[in-house]
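A.B. asks: Numbering-wise (this note's numbering), the sequence shown opens with residue 478 and increments by one.
Yeah, the Cβ is synthetic: ideal placement off N, Cα and C, and Gly gets one too.
Predicted model, so just to flag it, every value in this text is computed and none were measured.
My structure is below; once you've seen it, I'll send some questions.
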Amino acid sequence: MSSSPSPSPAPARLDLDGNPVAPLTICIIGAGGFIGSHLCEKLMAETAHVVLAVDVYCDKIRHLVDPAPPHLAGRISFHRLNIKNDPRLEGLIKMADLVKYCSDNTKRLIHFSTCEIYGKTIGSFLPKDHPLRKEPEFYVLKEDESPCIFGPIVKQRWSYACAKQLIERLIFGAENGLEFTIVRPFNWIGPRMDFIPGVDGPSEGVPRVLACFSNNLLRREPLKLVDGGQSQRTFVYIKDAIEAVVLMIENPTRANGHIFNVGNPNNEVTVRELAQMMTEVYANVSGEVPLDEPMIDVSSSQFYGEGYDDSDKRIPDMTIINKQLGWNPKTPLKDLLETTLTYQHKTYKEAVKRQMSQASASS
478 MSSSPSPSPA PARLDLDGNP VAPLTICIIG AGGFIGSHLC EKLMAETAHV VLAVDVYCDK
538 IRHLVDPAPP HLAGRISFHR LNIKNDPRLE GLIKMADLVK YCSDNTKRLI HFSTCEIYGK
598 TIGSFLPKDH PLRKEPEFYV LKEDESPCIF GPIVKQRWSY ACAKQLIERL IFGAENGLEF
658 TIVRPFNWIG PRMDFIPGVD GPSEGVPRVL ACFSNNLLRR EPLKLVDGGQ SQRTFVYIKD
718 AIEAVVLMIE NPTRANGHIF NVGNPNNEVT VRELAQMMTE VYANVSGEVP LDEPMIDVSS
778 SQFYGEGYDD SDKRIPDMTI INKQLGWNPK TPLKDLLETT LTYQHKTYKE AVKRQMSQAS
838 ASS
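Structure below.
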């Protein structure tokens, strides 16, 4: 009687310089969110790292932690706490080799900032027909060169960006030899992003543009284009972006002290073009015929209220992340829209129907 050979051990992970990657203990603040949940999945599926998952809820990682599957026993644990006022956080940070939020514990920090900190492009201050607006140096955003230009104080749109910029400046000014990497996400898109108002988020909430459009499609409402939908954006698939984050985690000598744009300049579209693509993709995903009038124009004051402002373009320069980590995004926009809208339809369609039915019955 012959016995089957035992499976070969998984090959050791190597960093970009060919050195073995030792298993780390990683404390992820916000592990139950969109980015955190995908990072937890990636680390559990492809590495031997241990994760301390911190958040106030675990819905998006329940399949990993409630309870942890046998093959993940001892590798991931969920800690339900509010970082603003819970003293247990310091104990978790002391246990970790790398954290997403830290101060005085001599731990490495990977801080998730935002592309919002760039504010307006230099080109946006030129006349709309000025030829220089088409030159890359007037709109492509570089981590170490582009100025951060915000609108007037009365425009509340920039409060979030200002806060994020201040955090970056505090990190750079740290006096205790803090090892850090700063990530500037450019519209990371995929399953579990944001929320659907009234279903798993506040009815009056306004999620990001792709989730707003998903909400309209699920409810068979026209997609609302703010100020004509002329702003230009780029979108990157969450799984591509998470690959970049893992490279930062496992290659500290290449990542420490750097700011990285993480986006996909090849997936650049106007918001109007995005709405058109999403309408077509959702029709294929759902089997529903698009509305006769699938889009309507609304003013920014109607949609967001007074005090809104916006940037015309937000296109990342990818030189630094490509040089330091060899990372490039892979997924075309149409493919990531198909994956995301398939998830949105499967996850939310029936819940949206019930909510709309209840609202109709009570009116």
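Take T819 as the anchor and find which of V531, T756, H526 has the nearest alpha-carbon.
C.D. replies: Of the candidates V531, T756, H526, the one whose C-alpha sits nearest the C-alpha of T819 is T756.
A.B. asks: If you run the structure through DSSP and keep just helix, strand and coil, what is F589?
C.D. replies: Strand at F589.
A.B. asks: Which residue or residues does DSSP assign as beta-bridge partners of T658?
C.D. replies: Partner(s): I587.
A.B. asks: Figure out for me which residue from D494, T808, A489 has the closest Cα to the Cα of Q801.
C.D. replies: Out of D494, T808, A489, D494 has the C-alpha closest to the C-alpha of Q801.
A.B. asks: Once the 5 residues before and after G740 are set aside, which same chain residues still bring their CB inside 6 Å of it?
C.D. replies: Cβ within range, chain order: F663, T711, V713, P793.
A.B. asks: Could you check if P847 is buried or exposed, using at least 16 other CB atoms within 10 Å of its CB as the buried criterion?
C.D. replies: Since the first residue of the chain shown is 478 and the last is 840, residue 847 is not available in this structure.
A.B. asks: With which residues is R557 paired in a DSSP beta bridge?
C.D. replies: R557 is bridged to D532.
A.B. asks: Name the one or two DSSP bridge partners that Y714 has.
C.D. replies: Paired residues: I666.
A.B. asks: Is it the case that the region 627-639 contacts the region 593-611, given that we only count it when at least three CB pairs across the two stretches are under 8 Å?
C.D. replies: The answer is yes - the region 627-639 touches the region 593-611, with three or more Cβ pairs under 8 Å.
A.B. asks: Is the separation between the beta-carbon of W665 and that of E720 shorter than 8 Å?
C.D. replies: Their beta carbons are not under 8 Å apart, which means W665 does not touch E720 by this criterion.
A.B. asks: To which residues does DSSP link M795 through a beta bridge?
C.D. replies: In the DSSP output, where bridge partners are listed per residue, M795 has none listed.
A.B. asks: Could you check which residue in G706, P546, K811, H822 has the C-alpha nearest to that of D774?
C.D. replies: For D774, the nearest C-alpha among the options comes from G706.
A.B. asks: Enumerate in chain order the residues of its own chain whose CB-to-CB distance from R749 is below 8 Å, with the five nearest sequence positions on each side excluded.
C.D. replies: The answer, listed in chain order, is L702, G705, G706, Q707, M772.
A.B. asks: Check each candidate in F690, L558, E727, A718 and name the one with the smallest Cα separation from V758.
C.D. replies: V758 has its Cα closest to that of F690, out of F690, L558, E727, A718.
A.B. asks: Which of helix, strand or coil does DSSP assign to I719?
C.D. replies: Residue state, collapsed to three classes: helix.
A.B. asks: Return the chain-ordered ranges of every alpha helix (DSSP H) run that is complete within the region 761-823 and spans a minimum of 4 residues.
C.D. replies: Listed in chain order, the complete alpha helix (DSSP H) runs (minimum 4 residues) inside the region 761-823 are 777-781, 796-802.
A.B. asks: Please report the residue range of the alpha helix (DSSP H) in which L501 lies.
C.D. replies: Element bounds for L501: n/a, residue is neither H nor E.
A.B. asks: Grab me the residues of R661's own chain with a C-beta within less than 6 Å of its C-beta, minus the 5 sequence neighbours each way, in chain order.
C.D. replies: These residues qualify, in order along the chain: S590, C592, N738.
A.B. asks: Three or more beta-carbon pairs under 8 Å between the region 501-512 and the region 531-545, yes or no?
C.D. replies: Touching, yes, given that three or more Cβ pairs across the two stretches are closer than 8 Å.
A.B. asks: Going by Cα to Cα distance, which pick from P613, K830, H548, R490 is closest to R697?
C.D. replies: Ranking the options by Cα distance to R697, first place goes to K830.
A.B. asks: For V676, collect the residues of the same chain with a Cβ closer than 7 Å to its Cβ; drop the 5 residues on either side in sequence, then sort them by chain order.
C.D. replies: If we look at V676 and ignore the five residues flanking it on each side, its Cβ neighbours are Y825, A828, V829, Q832.
A.B. asks: Just to confirm, is the Cβ distance from R893 to F511 under 8 Å?
C.D. replies: This structure cannot speak to residue 893, because the chain is shown only from 478 to 840.
A.B. asks: So, at 6 Å on beta carbons, what are the nonlocal neighbours of N744 in its own chain, with the 5 sequence-adjacent residues on each side left out?
C.D. replies: Excluding positions up to five away in sequence, the list reads T711, F712, L810.
A.B. asks: L586 and L643 - do their beta-carbons sit closer together than 8 Å?
C.D. replies: Not in contact: L643 and L586 (Cβ atoms no closer than 8 Å).
A.B. asks: Is the separation between the beta-carbon of D563 and that of I503 shorter than 8 Å?
C.D. replies: Their beta carbons are not under 8 Å apart, which means D563 does not touch I503 by this criterion.
A.B. asks: Counting along the chain, where does the alpha helix (DSSP H) carrying I512 start and finish?
C.D. replies: Where I512 is concerned, the enclosing alpha helix (DSSP H) stretches over 511-523.
A.B. asks: Near S777, what residues of its chain come up, given a Cβ to Cβ distance below 6 Å and the 5 sequence neighbours on each side ignored?
C.D. replies: Once the five neighbours on either side are set aside, the close Cβ partners of S777 are V703, D704, Y785.
A.B. asks: From I570 to S834, what distance separates their C-alpha atoms?
C.D. replies: Each residue's alpha carbon lies about 46 Å from the other.
A.B. asks: Between the Cα of I553 and those of E765, A651, K807, C517, spot the shortest distance and give me the residue it belongs to.
C.D. replies: If we check each option's Cα against that of I553, C517 comes out closest.
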